[in-house]
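This report refers to the structure that appears directly beneath it.
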Amino acid sequence: MKTKPLLIALLAVAVAAGPLATLALAQDKTIYVPLFVYRTGPYAPSGIPNANGFNDYFNLLNERDGGINGVKIAIEECETQYDTKQGVECYERLKGKATFVNPYSTGITYQLIPKAPVDKVVAHSMGYGMTASADGRWFPWVFNFPMTYWSQASAFIKYVGAQEGGIDKLKGKKIVHV
Numbered sequence: 209m210k211t212k213p214l215l216i217a218l219l220a221v222a223v224a225a226g227p228l229a230t231l232a233l234a235q236d237k238t239i240y241v242p243l244f245v246y247r248t249g250p251y252a253p254s255g256i257p258n259a260n261g262f263n264d265y266f267n268l269l270n271e272r273d274g275g276i277n278g279v280k281i282a283i284e285e286c287e288t289q290y291d292t293k294q295g296v297e298c299y300e301r302l303k304g305k306a307t308f309v310n311p312y313s314t315g316i317t318y319q320l321i322p323k324a325p326v327d328k329v330v331a332h333s334m335g336y337g338m339t340a341s342a343d344g345r346w347f348p349w350v351f352n353f354p355m356t357y358w359s360q361a362s363a364f365i366k367y368v369g370a371q372e373g374g375i376d377k378l379k380g381k382k383i384v385h386v
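Be aware that the sequence shown starts at 209, since it is given in this note's numbering, and climbs by one per residue.
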């Protein structure tokens with residue numbers, strides 16, 4: 209995985225976790241973060257460096273900064289193999305301790321969207337999951353940051369348009385989003 213997407217992912221998690229530090233202070237002085245990982249299974253080649261990156265980042269925050277606003281972060285990995293059923297099992301097992309979850313899978317995210325408001329667990333769905341969940345008025349427990357599949361597709365079209373000399377130059381051309 210390239211460094212820039214991993215950095216964006218880590219920053220997004222930090223942004224999502226920052227405001228939750230106050231909630232953690234009122235409870236037990238620890239922010240519990242379940243890490244849904246896929247170190248095994250078909251997507252392990254990308255899942256292993258992601259899992260390592262999240263672990264390294266949260267350990268860095270704890271060691272360098274004393275956590276977030278002085279509140280330590282407790283992490284626990286749960287292996288999903290990028291499998292929706294296993295991911296939901298991880299959520300059900302860990303939701304009682306979780307401040308927020310990052311399912312890191314479109315399928316798992318779709319299953320957790322209706323559960324999040326019932327369980328009062330924030331679901332961070334960075335660039336995947338239901339596009340409509342980016343509207344916090346309707347999905348207040350789901351944060352689709354920094355973008356959705358469709359905002360990424362829009363950025364791509366704008367880029368291609370710029371390369372071709374303007375969006376108007378795309379008229380009549382076929383562009384496929386796979």
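Ideal Cβ positions, reconstructed from N, Cα and C, are used throughout, including at glycine.
Bear in mind the structure is a predicted one, so any value in this text is a computation, not a measurement.
From residue i to residue j, what does the alpha carbon distance come to, in whole angstroms?
{"i": "Glu-271", "j": "Ile-281", "result": "10 Å"}
{"i": "Ala-234", "j": "Phe-364", "result": "At Ala-234, the pLDDT of 48 sits below 50, so the modelled position is not reliable and the matter cannot be decided from this model."}
{"i": "Val-418", "j": "Asn-258", "result": "The first residue shown for the chain is 209 and the last is 386, placing residue 418 beyond what the model contains."}
{"i": "Phe-254", "j": "Asn-352", "result": "For the sequence presented, residue 254 should be read as Ser rather than Phe. Computed Cα separation, rounded: 21 Å."}
{"i": "Ala-252", "j": "Leu-243", "result": "15 Å"}
{"i": "Thr-288", "j": "Ile-321", "result": "17 Å"}
{"i": "Val-279", "j": "Val-384", "result": "46 Å"}
{"i": "Lys-303", "j": "Asn-277", "result": "23 Å"}
Three-state secondary structure (DSSP) at residue i?
{"i": "Leu-233", "result": "Reliability of the predicted coordinates at Leu-233 is poor, the pLDDT of 45 falling under 50, and the value obtained from them is presented with this limitation in mind. Correct three-state label for Leu-233: helix."}
{"i": "Ile-153", "result": "One cannot answer for residue 153 here, as it falls past the ends of the chain, which runs 209 to 386."}
{"i": "Val-279", "result": "strand"}
{"i": "Glu-372", "result": "coil"}
Taking C-beta to C-beta, are residue i and residue j nearer than 8 Å?
{"i": "Tyr-265", "j": "Thr-307", "result": "no"}
{"i": "Tyr-299", "j": "Val-309", "result": "yes"}
{"i": "Tyr-312", "j": "Gly-249", "result": "no"}
{"i": "Lys-377", "j": "Gly-369", "result": "yes"}
Any chance the stretch 341 to 350 sits against the stretch 322 to 331, with 3 or more Cβ pairs inside 8 Å?
Segments in contact, yes.
Can at least three beta-carbon pairs, one atom from the stretch 328 to 338 and one from the stretch 353 to 370, be found at a separation below 8 Å?
yes
List in chain order: all unbroken alpha helix (DSSP H) runs of 4+ residues lying wholly within the stretch 311 to 358.
314 to 320, 323 to 327
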